[in-house]
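When we follow the numbering used here, the leftmost residue of the sequence shown carries the number 1, and every step to the right adds one.
Using N, Cα and C, we set each Cβ at its ideal position, and we do this for glycine too.
Structure, as structure tokens:
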Amino acid sequence: MSKVLVAYFSASGVTKRVAENLAQAAGADLFEIVPEQIYTSADLNWQDKNSRSSVEMNDRSCRPAISSKVDDMSQYTYVFVGFPVWWYREPSIIDTFMESYDFSGITVIPFCTSGGSGLGNSAKNMQALADGANVIDGKRLSSTVQVIELEQWVKEVVG
1 MSKVLVAYFS ASGVTKRVAE NLAQAAGADL FEIVPEQIYT SADLNWQDKN SRSSVEMNDR
61 SCRPAISSKV DDMSQYTYVF VGFPVWWYRE PSIIDTFMES YDFSGITVIP FCTSGGSGLG
121 NSAKNMQALA DGANVIDGKR LSSTVQVIEL EQWVKEVVG
């Protein structure tokens, strides 16, 4: 039997709500990717080129620290990884997450929340960071996505 994890980073709470519903729909474990240094409103001001998020996203080698770890990643067959879209891709903390584990033999499914931007090159970026993983194309999910829609997507992806 396949074991599923929904791991997510949420800056405003939108991705958290979607991730909780996805975990319910998939009968999955849930893991919040929490930064060691929590983002403030000023940190998230994308219009300020000196804000923390802007600085991180302009430095592709930036890896913000995560405050906790998944106990045993190898127990999972599928890992959904959720995040808000920042600068048309996954936030740098997702890069930290992808480099923190051995995803060998695991199918990784990215999902994002966004007002309109899609995943961009996130799946490709995540694949490059997770040697041995099978990162498949994911999906942009609206903040109002219904559990029944998530259940259908899980059936399509996980079976």
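In the DSSP assignment, what are the bridge partners of residue i?
| i | result |
| --- | --- |
| Lys139 | Phe111 |
| Glu32 | Tyr8 |
| Pro66 | The identity of residue 66 in the sequence shown is Ile, whereas the question assumes Pro. Answer by DSSP bridge pairing, in chain order: Pro35. |
| Val79 | Leu5 and Val108 |
For residue i and residue j, I'd like the C-alpha separation in whole angstroms.
| i | j | result |
| --- | --- | --- |
| Val4 | Asn21 | 14 angstroms |
| Asp43 | Tyr76 | 33 angstroms |
| Gly159 | Val81 | 18 angstroms |
| Ser53 | Asp71 | 28 angstroms |
| Val154 | Ile106 | 15 angstroms |
| Ser61 | Phe97 | 13 angstroms |
| Val55 | Gly13 | 22 angstroms |
| Arg63 | Ala11 | 16 angstroms |
| Met73 | Asp29 | 11 angstroms |
Just reading off the alpha helix (DSSP H) that residue i is part of, what are its end residues?
| i | result |
| --- | --- |
| Ala11 | Per DSSP, Ala11 belongs to no alpha helix (DSSP H) and is neither H nor E. |
| Phe97 | Ser92 to Glu99 |
| Ala223 | The question about residue 223 has no answer here: the residues shown for the chain are numbered 1 through 159. |
| Asn50 | Per DSSP, Asn50 belongs to no alpha helix (DSSP H) and is neither H nor E. |
| Val158 | Val147 to Val158 |
Cβ of residue i within 8 angstroms of Cβ of residue j?
| i | j | result |
| --- | --- | --- |
| Ile66 | Ser100 | yes |
| Leu141 | Thr113 | yes |
| Phe9 | Ile94 | yes |
| Val145 | Val18 | yes |
| Ser51 | Glu90 | no |
| Phe111 | Lys69 | no |
| Tyr88 | Gly120 | yes |
Between residue i and residue j, which are expected to be in contact by the criterion C-beta below 8 angstroms, what is the C-beta distance as a whole number of angstroms?
| i | j | result |
| --- | --- | --- |
| Asn134 | Val108 | 7 angstroms |
| Phe103 | Ala130 | 4 angstroms |
| Ser117 | Val85 | 4 angstroms |
| Val34 | Ala23 | So it is not a contact: roughly 16 angstroms between Cβ atoms. |
Mind checking which residues open and close the beta strand (DSSP E) that includes residue i?
| i | result |
| --- | --- |
| Val85 | Segment: none, Val85 is in no beta strand (DSSP E) and carries neither H nor E. |
For chain B, check one thing: does any of its Cβ atoms lie closer than 8 angstroms to the Cβ of residue i?
| i | result |
| --- | --- |
| Pro91 | Of the protein chains in this structure there is only one, and it is not chain B. |
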